[in-house]
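Below is one structure, written out as structure tokens, with a few remarks after it.
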Amino acid sequence: MSATVELDRESNPQEVRGYAFYDWAKSAFETSVTVAVLPAWYAYLFLKANGLTTTIGSIEMQGDAVWSFAVAIGTLFIAIISPSLGVIADRRRIK
Numbered sequence: 000m001s002a003t004v005e006l007d008r009e010s011n012p013q014e015v016r017g018y019a020f021y022d023w024a025k026s027a028f029e030t031s032v033t034v035a036v037l038p039a040w041y042a043y044l045f046l047k048a049n050g051l052t053t054t055i056g057s058i059e060m061q062g063d064a065v066w067s068f069a070v071a072i073g074t075l076f077i078a079i080i081s082p083s084l085g086v087i088a089d090r091r092r093i094k
């Protein structure tokens with residue numbers, strides 16, 4: 000493994016500023032895409048593939064509802080499994 004390099008403000012202010020702008024822009028882009036673009040794109044693809052609604056189990060749903068349920072199920076899964084993964088990460092020495 001490589002050694003950890005600490006980044007402080009006195010080492011190279013241009014690098015710190017460059018990384019801060021990169022991280023800011025990356026976060027804004029990812030948020031915009033996951034909140035605004037992906038749900039609309041998924042609803043469009045769902046409409047083309049299945050029509051306006053489809054039946055999942057015994058529930059009739061539209062594309063945006065399927066997207067919402069998928070995100071909710073994924074979030075619930077992460078909320079349930081994250082504490083266990085945190086314990087595993089803390090007990091192993093590999094960080």
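Here the sequence shown is numbered in numbering that gives the first Met the number 0, starting from 0 and rising by one per residue.
Cβ coordinates follow ideal geometry from the N, Cα and C atoms, glycine included.
Test item: CB-CB of residue i and residue j under 8 Å
| i | j | result |
| --- | --- | --- |
| GLN61 | LEU75 | no |
| ILE55 | VAL65 | yes |
Nearest-angstrom Cα separation, counted from residue j out to residue i
| i | j | result |
| --- | --- | --- |
| PHE20 | ALA35 | 22 Å |
| PHE45 | ARG16 | 42 Å |
| GLU59 | THR53 | 6 Å |
| LYS25 | ASN11 | 21 Å |
| ALA48 | SER57 | 19 Å |
| SER83 | ASP63 | 31 Å |
| PHE114 | ILE77 | Because the chain spans 0 through 94 in this model, residue 114 falls outside it and cannot be assessed. |
| ILE160 | GLN13 | With the chain running from 0 to 94 in the structure shown, residue 160 is simply not present. |
| SER31 | GLY85 | 28 Å |
| TRP23 | ASP89 | 29 Å |
| TYR18 | ARG92 | 28 Å |
Residue closest to residue i, alpha-carbon to alpha-carbon, out of the options
| i | options | result |
| --- | --- | --- |
| VAL70 | PRO38, VAL86, SER83 and GLY85 | PRO38 |
| SER67 | TYR41, LYS47, SER57 and ASN49 | TYR41 |
Sheet register partners of residue i (DSSP bridge)
| i | result |
| --- | --- |
| THR54 | GLU59 |
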